[in-house]
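Each position in the sequence shown, counted from 1, maps to that position plus 132 in the numbering used here. Notes for the one structure printed next.
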Amino acid sequence: MKKFGKILLWVFLGLISLIIVIFVSAYIYLSSEWRSYYSDSDIKRYADSINQSPNLDKTFYLINDKLHNNDRHKGMTVHCLQTLWTAIIVGDYLDETNYYTSAGRIISFAEHKQNHGYPAFTLGWALAKYTTPEKCFDYSMIVENQELMRQAVFTNDSFKNVCALKDTNEILEYIVKSKAPSKYRRNPDRLKQKIDELKIKLKK
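Below is the structure:
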């Protein structure tokens, strides 16, 4: 019986060791894969453009941090683990107001700009050496805002400059509408309902 117990213990320890090796190897691979596509100088130039992004209003930050558990301040590794847990373990995805805080979202514009077809978040580890999660957030919000305002010319939507948003109602409307402009354009009552839901969440 004791011999069987020792065998089980060694099997258990072997499995734990294997899992650790797999996770460490995956981390090393994902955090360095960007080197197949970029040089350090490429990353530095892109990080410079991120760091030059203007700040949003402090009210926008306060609302975002309250709604999304301070995700704006989390590093790339935490974002990836959080996204993985939510999508695979929990079996659900981020809600429609939390989309821009995921790891891929923060630096997805870099992937689109460079036209590489590998997972967007791998570039995040490279950028993390030269910029911060907060500036990546600013950058992604501003680039998205520019695209929304460009599209609004053809769809009759109204999107203000995100840097100029200071009123709580305007900020909440922007957060909701920016996820699915056409959806809320067709259903303003649903837009109001969603904004009211977020107001309740802010009070908790």
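Just so it is clear, CB atoms sit at the ideal spot from N, CA and C, and this is done for glycine as well. Predicted model, so just to flag it, every value in this text is computed and none were measured.
Short Cβ contact (9 Å threshold) for residue i with residue j
i	j	result
residue 195	residue 332	no
residue 299	residue 188	no
residue 163	residue 257	yes
residue 289	residue 322	no
residue 259	residue 178	yes
residue 166	residue 154	no
Identity of the residue in the options nearest residue i by Cα
i	options	result
residue 311	280, 159, 193	280
residue 324	308, 334, 263	308
residue 205	268, 316, 143	268
residue 287	210, 313, 330	313
residue 305	158, 335, 153, 328	328
residue 171	255, 140, 210	255
residue 193	175, 141, 273	273
residue 334	210, 284, 191	191
Limits of the unbroken alpha helix (DSSP H) element including residue i
i	result
residue 271	265-287
residue 325	320-335
residue 173	172-183
residue 301	300-311
residue 188	From DSSP, residue 188 is part of no alpha helix (DSSP H); its letter is neither H nor E.
| said: Quick check: the stretch 291-303 against the stretch 200-208, are at least 3 beta-carbon pairs closer than 8 Å? | reply: Verdict: no, contact absent.
| query | For the stretch 263-271 against the stretch 174-190, are there 3 or more C-beta pairs whose distance is under 8 Å? | reply | yes
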